[in-house]
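Count the sequence shown with this note's numbering and you get residues 968 to 1043, in order. The beta carbon of each residue, even a glycine, is placed where N, CA and C say it ideally should be. Have a look at the structure below, then the notes.
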Amino acid sequence: MLRVQVEPQTIAPVGKNSHGAPVIYDQPVSLISPRGTELCVVCHADTGVAIREPVATRQNYVAGIGQCCDGCRADW
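Right, here's the structure in full:
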C-alpha cells in the first residue's frame, strides 16, 4: 500500500463564527487539543472531554454532529 504524508498547512481564516472563533470553510480542522481533549465542533473551544470518553457518557455530545462546549450546546 502506498502511503503519502501530507504536511499540515497554515490557512488564514476566512471569517469568524458567532463566538469569534475562526471559520475555515475549505480545509479540515483538527478537533483534538494538544492535551488530548475534544474541541467544540462549533467554536473550537476546548471542552475538557477526553477523546477516549465514550459518547454515551458525554455531556453536550450531539449525535451526527459531534462534541459541543456548554455555550454552543445551550444555543441549540
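Option nearest residue i by Cα separation, candidates the options
i, options, result
"Gly-1038", "Gly-1003, Pro-1021, Val-1008, Ala-1017", "Val-1008"
Beta-carbon spacing of residue i, residue j below 8 Å
i, j, result
"Asp-1013", "Thr-1024", "no"
"Val-1029", "Cys-1035", "yes"
Straight-line gap, residue i to residue j (C-alpha atoms, nearest Å)
i, j, result
"Lys-983", "Pro-1021", "30 Å"
"Asn-1027", "Asp-1042", "11 Å"
"Arg-1002", "Gly-1031", "24 Å"
"Gly-1015", "Arg-1040", "14 Å"
"His-1011", "Ala-1017", "15 Å"
"Leu-998", "Arg-1019", "13 Å"
"Leu-1006", "Gly-987", "15 Å"
Original post:
Of all the alpha helix (DSSP H) runs that stay within the bounds of the stretch 999–1028, which reach a length of 4 or more residues?
Top reply: none
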